[in-house]
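Structure first, commentary second.
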Amino acid sequence: MASNKTLRFALPWLVALAILAWLALREPPQVAPPVLQREFLAMGTLVSLSLHLADGQDRSAGEAALVKIERELRDFEARWSPGGDGALGRLNSELAAGRAAPIDPVLAPLLVRAFGLREVSAGVFDPRLGALVRLWGFDDESHFLSRPPPTDVVTRLAAQIASAPAQLADCPDAAPCYGPAPGVQFDLGAIAKGEAAALAIAQLRQEGFPDAIVNLGGNLVASGARGGRPWNIGIRHPRPEGGIGVLATLHTSGTEAVMTSGDYERYFEFEGRRYHHILDPASGQPAQGLVSATVVHADGALADAASTALLVAGPQGWRETARALGISQALVVDESGRINVTAALAPRLEFAPGLAPATVVP
Ligand code: FAD
Ligand code: MG
102 MASNKTLRFA LPWLVALAIL AWLALREPPQ VAPPVLQREF LAMGTLVSLS
152 LHLADGQDRS AGEAALVKIE RELRDFEARW SPGGDGALGR LNSELAAGRA
202 APIDPVLAPL LVRAFGLREV SAGVFDPRLG ALVRLWGFDD ESHFLSRPPP
252 TDVVTRLAAQ IASAPAQLAD CPDAAPCYGP APGVQFDLGA IAKGEAAALA
302 IAQLRQEGFP DAIVNLGGNL VASGARGGRP WNIGIRHPRP EGGIGVLATL
352 HTSGTEAVMT SGDYERYFEF EGRRYHHILD PASGQPAQGL VSATVVHADG
402 ALADAASTAL LVAGPQGWRE TARALGISQA LVVDESGRIN VTAALAPRLE
452 FAPGLAPATV VP
């Protein structure tokens, strides 16, 4: 028989155990969600970070890593904004004043890459279009026009940009510089988000978080998997109808960028015609013929630049431009809604019900 002393000692523990058992039965144990999310606005778009925690990984360390990525993306935005007092904004101010300007070392690698891609894409991708983008009012959603700018003004500016230097030069002190180049303002809007997403994924991997997605307004880089299952990425339908917002889905593998350019991102309509933000450098007018272009590639900056280039290259030129850029996985949708996809991407896609590619090209 238990003594009074034993009972007095055991009673509080028995009561505590009974309360714990009651709590456990009343509420199922809280399971921490395996994917951490962080969303914020930057670079004129919604940025969404997703991070899958592996077994035993510390939730607060994951959250701290995402906070750090947000900070770095904001620094990236300041550096690469075409206006303002960041590195690219200062370069553009010098060019606008008609002067030659030294290239800040933080800008040089991506600018050199962008010039290289301009050459390889036969000029359909061009990082020098900032003044044209502004003339069309597509540099910021608050600047959208209600009618197109005069054609002769657009044509003159496009010609001025086309005749400007197409690469950086060596200044007298052997550092790279650019200009004077009337009409040229740098705008890396078609490549910088891919670069930023790739850098963010590399940073997360380095910090021990290999399973993540960095999505900048539909331009994303995915890495790893989600608890052993691959990330499932939706490619947006350029003309969503009858509740179908997704054209197709794709399971990513390893580290892969899925970048889409479309005429639906920024546009206005005038007299029944859509004028959008992806411009043909040859004419200065919005590109015609394709309404969206998606590129899948391991290299985020390349995939971003290529999706823009394919949209400009149009129905006749997109495949050749993809080949020139070293892109084997691409999908384009033309103005009549026909879906064209490369043979390397087609088997990886699951199309929404009722949708199928019109052509699969080698
Ligand atoms: P993409 O096809 O990837 O890029 C299209 C963009 O590239 C166009 O908007 C134009 O800027 C440029 N472009 C057009 N034609 C060509 C061409 N032939 N070759 C090369 N480039 C071309 N938007 C805001 O509203 N406010 C902001 O404060 C803002 N800040 C930004 C800061 C940074 C650092 C960056 C990179 C972008 C910013 N933007 C801002 C732009 C915004 O993110 C655009 O929506 C984006 O650049 C267009 O990207 P996209 O993915 O829709 O299309
Ligand atoms: Mg792009």
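So the sequence shown is numbered by our numbering: it starts at 102 and just counts up by one. Where a beta carbon is used, it is the ideal one built from N, C-alpha and C, also for glycine.
Is the beta carbon of A388 closer than 8 Å to that of L412?
Here residue 412 is taken as the residue at index 311 of the sequence shown, counted from 1. Here residue 388 is taken as the residue at index 287 of the sequence shown, counted from 1. Against a cut-off of 8 Å, the Cβ pair of A388 and L412 comes out as a contact.
Selected residue, minimal CA-CA separation from A425, among P266, I314, L391 and S222:
Taking the sequence shown and counting its residues from 1, the one referred to as residue 425 is at position 324. Comparing alpha-carbon positions, the option among P266, I314, L391 and S222 lying closest to A425 turns out to be S222.
Measuring alpha carbon to alpha carbon, tell me which of D435, R449 and A291 ends up nearest A459.
As a first step, residue 459 must be located in the sequence shown, where it is residue number 358. Of the candidates D435, R449 and A291, the one whose C-alpha sits nearest the C-alpha of A459 is D435.
Going straight from the alpha carbon of G328 to that of S362, what length do you get?
As a position in the sequence shown, residue 328 is number 227, starting the count at 1. As a position in the sequence shown, residue 362 is number 261, starting the count at 1. Each residue's Cα considered, the two are about 30 Å apart.
Please identify the residue among G455, H398 and P454 whose C-alpha is closest to the C-alpha of L432.
Along the sequence shown, read from residue 1 onward, the residue named residue 432 stands at position 331. The closest CA to that of L432, considering only G455, H398 and P454, is found on H398.
Check whether the segment 393-408 touches the segment 265-273, counting contact only when three or more Cβ pairs, one atom from each stretch, lie closer than 8 Å.
By the Cβ test, the segment 393-408 is not in contact with the segment 265-273, since fewer than three Cβ pairs between them sit closer than 8 Å.
Let me check one thing: in DSSP terms, what residues is F141 bridge-paired to?
Start at 1 with the first residue of the sequence shown, and residue 141 comes out as number 40. Paired residue(s): V148.
Please indicate yes or no: does the CB of S393 lie closer than 7 Å to some heavy atom of the ligand MG?
Mapped onto the sequence shown, residue 393 falls at position 292. In this structure, S393 has its beta carbon at no less than 7 Å from each heavy atom of the ligand MG.
Indicate whether D405 and M360 have their beta-carbon atoms separated by less than 8 Å.
In the sequence shown, residue 405 corresponds to position 304, counting from 1. In the sequence shown, residue 360 corresponds to position 259, counting from 1. Taking 8 Å as the cut-off, the beta carbon of D405 is found closer than this to the beta carbon of M360.
Here's the rule I'm using: 16 or more other beta-carbon atoms within 10 Å means buried, otherwise exposed. How should I334 be labelled?
Here residue 334 corresponds to residue number 233 of the sequence shown, with the count starting at 1. I334 is buried by the Cβ-count criterion.
Simplified DSSP assignment, three categories, for S354:
On the sequence shown, residue 354 is found 253 positions in, with the first residue counted as 1. When DSSP states are grouped into helix, strand and coil, S354 belongs to the coil group.
Top-ranked residue by Cα proximity to F148, from E178, G184 and W332
Position 47 of the sequence shown, counted from the first residue, corresponds to residue 148. At residue 148 the sequence reads Val, which differs from the Phe that was named. Nearest to V148 by C-alpha distance, out of E178, G184 and W332, is E178.
State the Cα-Cα distance for the pair G415 and V392, rounded to the nearest angstrom.
Within the sequence shown, residue 415 is the residue found at index 314, counting from 1. Within the sequence shown, residue 392 is the residue found at index 291, counting from 1. The straight-line gap from Cα to Cα measures roughly 9 Å.
For the alpha helix (DSSP H) that E304 lies in, which residues bound it at each end?
Along the sequence shown, one-based indexing puts residue 304 at 203. The displayed chain sequence assigns Gln, not Glu, to residue 304. Per DSSP, Q304 belongs to the alpha helix (DSSP H) from A293 to Q307.
If A259 and G418 are in contact, beta carbons under 8 Å, what's the gap, nearest whole angstrom?
By one-based count along the sequence shown, residue 259 stands at place 158. By one-based count along the sequence shown, residue 418 stands at place 317. About 18 Å separates the beta carbon of A259 from that of G418, a gap too long to meet the 8 Å contact definition.
6 Å CB neighbourhood of H377 in its chain, flanking five on each side removed
Mapped onto the sequence shown, residue 377 falls at position 276. Taking H377 as the centre and dropping the five residues before and after it, the same chain places the C-beta of D364, Y368 and P387 closer than 6 Å to its C-beta, in chain order.
From the DSSP output, in three-state form, read off Q261 for me.
For this step, residue 261 is matched to residue 160 along the sequence shown. The answer is helix: DSSP assigns Q261 an H, G or I state.
Do you know how far the Cα of I379 is from the Cα of R127?
In the sequence shown, residue 127 corresponds to position 26, counting from 1. In the sequence shown, residue 379 corresponds to position 278, counting from 1. With a pLDDT of only 43 at R127, under 50, the local geometry of the prediction cannot be trusted, and the value read off the model is given with reservation. For R127 and I379, the distance between alpha carbons rounds to 57 Å.
So which of V442, R200 and P250 has the shortest CA-CA distance to I336?
For the purposes of this step, residue 336 is identified with residue 235 of the sequence shown, where counting begins at 1. Ranking the options by Cα distance to I336, first place goes to V442.
Cutoff 6 Å; reference G325; Cβ partners in own chain excluding five residues on either side:
Locating residue 325 in the sequence shown gives position 224, where the first residue counts as 1. Counting only Cβ-Cβ distances below 6 Å, and skipping sequence neighbours, we find P311 and D312.
Whose C-alpha, out of G455, S437, G438 and Q430, is nearest the C-alpha of P448?
On the sequence shown, residue 448 is found 347 positions in, with the first residue counted as 1. Of the candidates G455, S437, G438 and Q430, Q430 places its Cα closest to the Cα of P448.
Is M144 near the ligand MG, with its Cβ less than 7 Å from a heavy atom?
Here residue 144 refers to the residue found at position 43 when the sequence shown is read from its first residue. No, the beta carbon of M144 sits no closer than 7 Å to any heavy atom of the ligand MG.
With a cut-off of 8 Å, do at least 3 Cβ pairs link the segment 154-167 to the segment 187-205?
Contact fails: fewer than three Cβ-Cβ distances are below 8 Å.
So E451 is in the alpha helix (DSSP H); what residue range does that whole segment cover?
Taking the first residue of the sequence shown as position 1, residue 451 is located at position 350. In this chain, E451 is not harboured by any alpha helix (DSSP H); it is covered by the beta strand (DSSP E) spanning L450 to F452.
Return the CA-CA distance between F141 and L317, expressed in angstroms with no decimal places.
The residue given as residue 141 occupies position 40 in the sequence shown. The residue given as residue 317 occupies position 216 in the sequence shown. C-alpha separation (whole angstroms): 10 Å.
Near A232, which residues of its chain fall below 8 Å by C-beta distance, leaving aside the five closest residues on each side in sequence?
Numbered from 1 along the sequence shown, position 131 holds the residue referred to as residue 232. A distance below 8 Å between beta-carbons, with the five flanking residues on each side excluded, links A232 to the following residues of its chain, in chain order: L258, I262, G284, V285 and Q286.
Going by the C-beta, is S408 closer than 7 Å to any heavy atom of the ligand MG?
Taking the sequence shown and counting its residues from 1, the one referred to as residue 408 is at position 307. Indeed, a heavy atom of the ligand MG lies less than 7 Å from the Cβ.
From V255, E242 and I292, residue whose alpha carbon lies closest to that of L208
Taking the first residue of the sequence shown as 1, we reach residue 208 at position 107. Check the Cα spacing between L208 and each of V255, E242 and I292: the tightest is with I292.
Judging by CA-CA distance, which residue of E357, R200 and A215 is the nearest neighbour of P228?
In the sequence shown, the residue the question calls residue 228 occupies position 127. The candidate whose alpha carbon is nearest that of P228 is A215.
Relative to the ligand MG, is the shortest distance from any of its heavy atoms to the C-beta of D405 smaller than 7 Å?
As a first step, residue 405 is located in the sequence shown; it is residue number 304 there, counting from the start. With a cut-off of 7 Å, the C-beta of D405 is classified as near the ligand MG, since at least one heavy atom of the ligand falls inside that distance.
For A407 versus I440, is the C-beta distance shorter than 8 Å?
Against the sequence shown, residue 407 aligns to sequence position 306. Against the sequence shown, residue 440 aligns to sequence position 339. At least 8 Å separates the beta-carbon of A407 from that of I440.
What is the rounded straight-line gap between the Cα of D241 and the Cα of G145?
In the sequence shown, counting from the first residue as 1, residue 241 sits at position 140. In the sequence shown, counting from the first residue as 1, residue 145 sits at position 44. The straight-line gap separating the alpha-carbon atoms of D241 and G145 is approximately 7 Å.
Nearest by alpha-carbon distance to L456: which of E421, A299, G346 and A402 is it?
Taking the sequence shown and counting its residues from 1, one reaches residue 456 at position 355. Considering only alpha carbons, the answer is G346.
In angstroms, rounded to a whole number, what distance separates the CA positions of T356 and L150?
For this step, residue 356 is matched to residue 255 along the sequence shown. For this step, residue 150 is matched to residue 49 along the sequence shown. Between T356 and L150, the C-alpha separation is close to 15 Å.
Should E451 go down as buried or exposed, given a rule of 16 or more other Cβ atoms within 10 Å for buried?
For the purposes of this step, residue 451 is identified with residue 350 of the sequence shown, where counting begins at 1. Counting the other CB atoms within 10 Å of its CB gives E451 a total below 16, which places it among the exposed residues.
Check each candidate in Q268, R375 and A423 and name the one with the smallest Cα separation from G217.
For this step, residue 217 is matched to residue 116 along the sequence shown. Restricting attention to Q268, R375 and A423, the CA atom closest to the CA of G217 is found in Q268.
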